[in-house]
Amino acid sequence: MLLRHTPTEIKERTALNINPAKTCQPVGAMYAGLGIQGCLPHSHGSQGCCAYHRSALTRHYKEPVSAATSSFTEGASVFGGQANLVQAIENIFTVYEPDVIAVHTTCLSETIGDDLNQIVDKAQKEGKIPAGKNVVFASTPSYVGSHVTGFSNMVKGTVTGLAESTGKKNHKVNIIPGWVEPSDMEEIKRLTAMVGVPFIMLPDTSGVLNGPMTGKYEMFPKAGTPVADIKSTGDSMGTLALGEWCSADAARALDSKFKVPCRVLDMPIGLKATDRFVDTLRIVGGTSVPESVMFERGQLLDMMADYHQYFFDKKVALVGDPDQLIALTEFLLTLDMKPMHIVTGTPGKKFEDRIKELCAEKGYEPNVRAKGDMFLLHQWIKNEPVDLLMGNTYCKYIARDEDLPFVRFGFPILDRPGHQYFPSVGYKGGMRLAEKIVGQLLDRKDRDAPEETFELVL
Amino acid sequence: MAVEKKKKVMNADAVKEELLKKYPPKVARKRAKQIHITGEEGNSEIMANVRTIPGIITMRGCTYAGCKGVILGPTRDIVNITHGPIGCGFYSWLTRRNQTKAPSATSDNFMPYAFSTDMQDEDIIFGGEKKLEQACLEAYEIFKPGAMAIFATCPVGLIGDDVHAVARKMKEKLGINVFAFSCEGYKGVSQSAGHHIANNQIFTHVVGEKDVEIPGEYKINVLGEYNIGGDAFEIERILEKCGITMVSTFSGNSTYDQFATAHTADLNTVMCHRSINYVAEMMETKYGIPWIKINFIGAEATAKSLRKIAQYFGDKKLIDRVEEVIAEEMPAVTAVQDEVFPHTKGKTAMLFVGGSRAHHYQELFNEMGMKTLSAGYEFGHRDDYEGRHVIPDIKVDADSRNIEELEIEQDPTRFKPRKTEAELAKLAEEGFGFKEYEGMMPEMDSQSIVIDDLNQYEADKLVELMKPDIFCAGIKEKFSIQKMGVPMKQLHSYDYGGPYAGFKGAINFYQDIKRMVTSKVWSGMKAPWEENPELSATYVWE
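Those sequence lines, one after another, are chains A and B.
In my numbering, each number is its position in the first sequence, counted from 1, plus 240.
In my numbering, each number is its position in the second sequence, counted from 1, plus 44.
Here it is, written out as structure tokens:
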């Protein structure tokens, strides 16, 4: 057993996190920055943070992830990181020539109290930021929230730093997709275009973190949200924020600063959440849902019906990020599955309430924990076994020890391809998730069936 | 008709000039000293172990990564608690591929676990010592480990949490060894500082803790081997076959007890000079164990290292056994070597990794007839490039001064010279070198480009200008290089393959590199309509 020391008996811990179900803010900020066209994310801290975040994102996306660092030494930590950041800005614009630098802080620069507003202002005044280029920034202390919070803060920092109001509406809808895969962002764009609603999506990592092999490396591929579009978000008709944890803050910032009204929706994972997304798009865009979208919806529903007997009443353990888990739990419930243990490392009592509410409709109370860890999830599974485990690659240790069917979902996925190319949002994404789930459940059934009941057709 | 494109070979000076051209003057001046062309008359010095310039996309990591990630990470039976916000503990959780093999299904193996105090803002404001104590108690309650280690992250040093005081208190309270590392990420200029800090604390708190005589005739420690991809398993296999007893490894597939009894070995063999030479030096001063540099990367290098160990012990039985083992192992190696050689001969490589690997792996490429055009370390010092003879000349700057140098004295009871003066003289006469490391540069061809702390801009430029057949570095560099159509071999994680050490490792490496440099994947870059872009007016069916 790999996790041989995990006991069934659960002791309440107040200080020790074991096998985290989250990581720290800056990696989320780095990911968000990569979704801006021509942007180099910058980590204001010691260089290990940047190395770790780049490695984590690279292992997940299997794509180049460029980002710079202020390379703090002991001196900078004592005297403040201003000189390092100003120098970094100058070097970055000279050597790498991005259009935008998206600076995020770390626990180091936060603890010593570096003020990004003031430092970037100084760089501006000293002429270190070439004309037409931009530096956006966000405060992302690692000791608050999680990687999800960092993503949210950077998106918010980007719109507050770049968005403008010209007084003339652009007749577009802003869509903030949340921390989803590049493939998911592509799918949200496709679905929105199908419904016929003009939009600006921010951030947009499609084409950045699932790019082609061409023989040429482009540090800044022609993808991501263009700066002009980000500026224009202040002139939009409204904002759809997909996910309370990932996207709501930026949407609300646009609302309070530019009176761009916002709606916060669940991430469009599964039938119902996608329905609500499409329905909202139709209403805010004043369009009607085309037959082609109805067709995809019908296909998902068809698949759900065809394989319903295998989904029915199967117990599931889930770990991941709040926005994804809420929508996923709802989807599993729609499939008549039974999410039993649900853990996120990200804090937020609202998460627990929402999950309980969803399950209450089915008449049961699940084990749910925000600010939990994977050690707790494993112990819950030991106490009440499940039929399926869904979560990031670290779950494979639990899956192996407990001999559980396992569907990879969330961040990070370090050991299988596909997530960056094939979506799990929208109706198509729902089909992909359903396919994966049923595939795992039936592989298990095939593996375990006695010879006399081994079935050809399922 | 396909036109054979001629590879334009750019000379080293022109490449260097090209690399520096775009930098602001201050950056260019510094980088110029870190880019060295070998074989130039009167110039053998490279600048290394200096700060990375802010904003330059470095390959380097931090002190915490060097300490917790590299040195202590591979040890299976110590509960390693990261004191800090969640990120550092998360990123160093199982990502370095240190394999370990616990002797039984119930033996301690904490490697699949990540332990962290997950500091929150209130801990930063009011201090985190209480939380750390509580975390230690909770860890002990659940896991009952034989030892615990605490690792400080950036904010810990800044807010003044005394991790060592907590360790002392917990040691007393729990009755097990608990020790701490002040390895905040901002210390030093790279991972290297973390190695040094790890060496110091392991030496102070663990080495010599158990005076247990380990049975065996020829007892050695293998230092600076981290069991990436099972390298240590292969080295253990070979040593065992030779009848050499491995008392400890620092720290691939290691245990607490190995460290605690390391002082009973009769020879320290050093693989990764950069990360571990401090422990070797300290063990020599305190316990009288001499150290030699060895290298198990490359079949020839492995054979040479085994012979060196045998020569040290000077026992005919061992010398003969080592020759027998080499004779038994080599045919399989040369068979594969012969098979891959026609495919790899004359191909070119670049290596930018670690503090030893960029040197050691040149051996393997040499064995395949491949030439290393350019190489460099992420966190090496001048001695790793130029040889240990330059150590007295290395300027100690403020960043290095921040890392403690321990004052070590002879152990009053346990110091024992392993060799008599006469024996040492005899070995010296035979040309046997203790504490010798010549570094990477003397072994490279003239006009090779050696680059310290290579950054992304320079890496991309080098590939563009020199088009090597393979590029070796880490995960962060992998995909930008491959986008350019050049296969990239990770030499930190081995691309999840390996082992590459020892005889079997050499075979694996030959085969992997042959696969990569002959792969057809890279030739698919152009679609047929790009190869033959002639326009056609109508549908052409014939």
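Backbone N, C-alpha and C define an ideal beta-carbon position, used for all residues, glycine too.
> At a Cβ threshold of 8 angstroms, is P259 (chain B) touching chain A?
Replying inline: Indexing the second sequence from 1 puts residue 259 (chain B) at position 215. Put simply, the CB of P259 (chain B) is far from chain A, with every gap to its CB atoms at 8 angstroms or more.
>> From the DSSP secondary-structure annotation, give me the bridge partner or partners of W335 (chain B).
In response: Translated into the one-based positions of the second sequence, residue 335 (chain B) becomes position 291. Per DSSP, the beta-bridge partners of W335 (chain B) are B:N312.
>> What would DSSP say about G201 (chain B), mapped onto helix, strand or coil?
In response: Indexing the second sequence from 1 puts residue 201 (chain B) at position 157. In the structure shown, G201 (chain B) adopts helical secondary structure according to DSSP, grouped into three states.
>> Just to check my reading of the structure: F294 (chain B) and G268 (chain B) have Cβ atoms closer than 8 angstroms, yes? What is that Cβ distance to the nearest angstrom?
In response: Locating residue 294 (chain B) in the second sequence gives position 250, counting from the first residue. Locating residue 268 (chain B) in the second sequence gives position 224, counting from the first residue. Right, their Cβ atoms sit about 6 angstroms apart.
>> Based on DSSP bridge pairs, tell me the residues matched to D613 (chain A).
In response: Counting from 1 along the first sequence, the entry for residue 613 (chain A) is found at position 373. The partner list for D613 (chain A) (beta bridge, DSSP) reads A:P260.
>> Determine whether the beta carbon atoms of E177 (chain B) and K213 (chain B) lie at a separation below 8 angstroms.
In response: Locating residue 177 (chain B) in the second sequence gives position 133, counting from the first residue. Locating residue 213 (chain B) in the second sequence gives position 169, counting from the first residue. Yes; because the gap between Cβ atoms is below 8 angstroms, this pair is in contact.
> Is Q358 (chain A) helix, strand or coil by DSSP?
Replying inline: Position 118 of the first sequence, counted from the start, is the residue given in the question as residue 358 (chain A). Judged by DSSP in its simplified three-state form, Q358 (chain A) adopts helix.
>> In the DSSP assignment, the alpha helix (DSSP H) including T150 (chain B) goes from what residue to what residue?
In response: Within the second sequence, the letter at position 106 stands for residue 150 (chain B). Annotation for T150 (chain B): no alpha helix (DSSP H) segment contains it, and DSSP assigns it neither H nor E.
> If you follow the alpha helix (DSSP H) that Y700 (chain A) is part of, which residue opens it and which one closes it?
Replying inline: Absent from the model: residue 700 (chain A). The displayed extent of chain A is 241 to 698, so no value can be given.
> When you compare each of B:G296, B:E451, B:F154 to N244 (chain B) by their alpha carbons, which one comes out closest?
Replying inline: Reading the second sequence from its first residue, position 200 is the one you call residue 244 (chain B). The shortest Cα separation from N244 (chain B) among B:G296, B:E451, B:F154 belongs to B:E451.
>> My parser needs the alpha helix (DSSP H) runs of 4 or more residues fully inside the segment 403 to 439 of chain A; what are they?
In response: Note on the segment 403 to 439 of chain A: whole alpha helix (DSSP H) runs with a minimum of 4 residues are 422 to 435, in chain order.
> Should A272 (chain A) be counted as a contact of the ligand HEM given a C-beta to heavy atom distance under 7 angstroms?
Replying inline: The ligand HEM is not part of this structure, which contains no ligands at all.
> Where does S319 (chain B) fall in DSSP's three states?
Replying inline: The count along the second sequence starts at 1 and reaches residue 319 (chain B) at position 275. Note: S319 (chain B) maps to helix in three-state DSSP.
> Using a C-beta cutoff of 8 angstroms, does D162 (chain B) count as contacting chain A?
Replying inline: For the purposes of this step, residue 162 (chain B) is taken as residue 118 along the second sequence, with counting starting at 1. Yes, D162 (chain B) lies at the interface with chain A (some Cβ there is under 8 angstroms from its Cβ).
> Below 8 angstroms between beta carbons: does that hold for G474 (chain A) and A403 (chain A)?
Replying inline: The residue labelled residue 474 (chain A) in the question sits at position 234 within the first sequence. The residue labelled residue 403 (chain A) in the question sits at position 163 within the first sequence. In terms of Cβ geometry, G474 (chain A) and A403 (chain A) form a close pair [threshold 8 angstroms].
>> Less than 8 angstroms between CB atoms is the rule here; does I203 (chain B) satisfy it with respect to chain C?
In response: Any reference to chain C falls outside this structure, whose protein chains are A and B.
> So F423 (chain B) and S136 (chain B) are in contact, right, with Cβ under 8 angstroms, and what is the actual spacing, rounded?
Replying inline: Within the second sequence, the letter at position 379 stands for residue 423 (chain B). Within the second sequence, the letter at position 92 stands for residue 136 (chain B). Taking 8 angstroms as the upper bound for CB-CB distance, F423 (chain B) and S136 (chain B) are not in contact here, some 16 angstroms apart.
> Can you give, in chain order, each stretch of the alpha helix (DSSP H) that sits fully within the segment 68 to 130 of chain B and has at least 4 residues?
Replying inline: Listed in chain order, the complete alpha helix (DSSP H) runs (minimum 4 residues) inside the segment 68 to 130 of chain B are 69 to 78.
>> Here's a check: name, in chain order, each residue in its chain whose Cβ is nearer than 6 angstroms to the Cβ of Y667 (chain A), leaving out the five neighbours to either side.
In response: Taking the first sequence and counting its residues from 1, one reaches residue 667 (chain A) at position 427. So the list reads T514, E536, R537, L540, once near-sequence residues are dropped.
> Can you find at least 3 beta carbon pairs, one from the segment 272 to 288 of chain A and one from the segment 171 to 189 of chain B, that sit closer than 8 angstroms?
Replying inline: Three or more beta-carbon pairs separated by less than 8 angstroms are not found between the segment 272 to 288 of chain A and the segment 171 to 189 of chain B, which leaves the two stretches without contact.
>> So if DSSP puts F377 (chain A) in a beta bridge, which residue, or which two residues, is it bridged to?
In response: Translated into positions along the first sequence, residue 377 (chain A) becomes position 137. A:V343, per the DSSP bridge assignment.
>> Using a Cβ-Cβ cutoff of less than 6 angstroms, which residues in the same chain neighbour M270 (chain A) once the five nearest sequence positions on both sides are dropped?
In response: Indexing the first sequence from 1 puts residue 270 (chain A) at position 30. Closer than 6 angstroms at the Cβ level, and outside the excluded window around M270 (chain A), lie P281, H293, A307.
>> Alpha carbons only, please: which of A:G526, A:N450, A:L505 is nearest the one belonging to P438 (chain A)?
In response: Looking up residue 438 (chain A) in the first sequence gives position 198. Checked all of A:G526, A:N450, A:L505; the closest Cα to P438 (chain A) is A:G526.
> So, helix, strand or coil for W566 (chain B), using DSSP?
Replying inline: Within the second sequence, the letter at position 522 stands for residue 566 (chain B). Reduced to three states, the DSSP call for W566 (chain B) is helix.
>> Suppose the cutoff is 6 angstroms on Cβ atoms and the five residues either side in sequence are ignored; what does the same chain contact list for G133 (chain B) look like?
In response: As a first step, residue 133 (chain B) must be located in the second sequence, where it is residue number 89. Counting only Cβ-Cβ distances below 6 angstroms, and skipping sequence neighbours, we find T126, A158, S160.
>> For a cutoff of 8 angstroms on Cβ pairs, would you count I241 (chain B) as touching chain A?
In response: Here residue 241 (chain B) refers to the residue found at position 197 when the second sequence is read from its first residue. Closer than 8 angstroms: no.
> Using the C-alpha atoms, what's the distance from G679 (chain A) back to I525 (chain B)?
Replying inline: In the second sequence, residue 525 (chain B) corresponds to position 481, counting from 1. In the first sequence, residue 679 (chain A) corresponds to position 439, counting from 1. I525 (chain B) and G679 (chain A): Cα-Cα distance of roughly 36 angstroms.
> Using a beta-carbon distance below 8 angstroms, is K511 (chain B) in contact with chain A?
Replying inline: As a first step, residue 511 (chain B) must be located in the second sequence, where it is residue number 467. No, no contact with chain A.
>> Would Y538 (chain B) pass as an interface residue toward chain A - the criterion being a Cβ-Cβ separation below 8 angstroms?
In response: On the second sequence, position 494 is the one that residue 538 (chain B) refers to. No, because no Cβ of chain A sits closer than 8 angstroms to the Cβ of Y538 (chain B).
> Helix or strand or just coil, what does DSSP make of L480 (chain A)?
Replying inline: Within the first sequence, residue 480 (chain A) is the residue found at index 240, counting from 1. Residue state for L480 (chain A) is assigned as strand, using DSSP reduced to three classes.
> Using a C-beta cutoff of 8 angstroms, does G273 (chain B) count as contacting chain A?
Replying inline: The residue labelled residue 273 (chain B) in the question sits at position 229 within the second sequence. Taking CB atoms only, G273 (chain B) has no neighbour in chain A less than 8 angstroms away.
>> Which of the three DSSP states is assigned to F223 (chain B) in this structure?
In response: Sequence index remark: in the second sequence, residue 223 (chain B) carries index 179 (1-based). Three-state result, F223 (chain B): strand.
>> Determine, for P199 (chain B), whether the minimum Cβ-Cβ distance to residues of chain A falls below 8 angstroms.
In response: The sequence position of residue 199 (chain B) within the second sequence is 155, counting from 1. Yes, P199 (chain B) counts as interfacial toward chain A.
> What does T96 (chain B) reach in chain A if we use C-beta pairs closer than 7 angstroms?
Replying inline: For the purposes of this step, residue 96 (chain B) is taken as the residue at position 52 of the second sequence. Within chain A, the residues Q287, S311 have their CB atoms less than 7 angstroms from the CB of T96 (chain B), given in chain order.
> Taking only runs of the alpha helix (DSSP H) that begin and end inside the segment 495 to 536 of chain B, which ones reach a length of at least 4 residues, in chain order?
Replying inline: Fully enclosed alpha helix (DSSP H) runs of 4 or longer: 500 to 510, 519 to 527.
> When the cut-off is 8 angstroms and only beta carbons count, does P156 (chain B) lie next to chain A?
Replying inline: For the purposes of this step, residue 156 (chain B) is taken as residue 112 along the second sequence, with counting starting at 1. Closer than 8 angstroms to some Cβ of chain A, the Cβ of P156 (chain B) qualifies, so yes.
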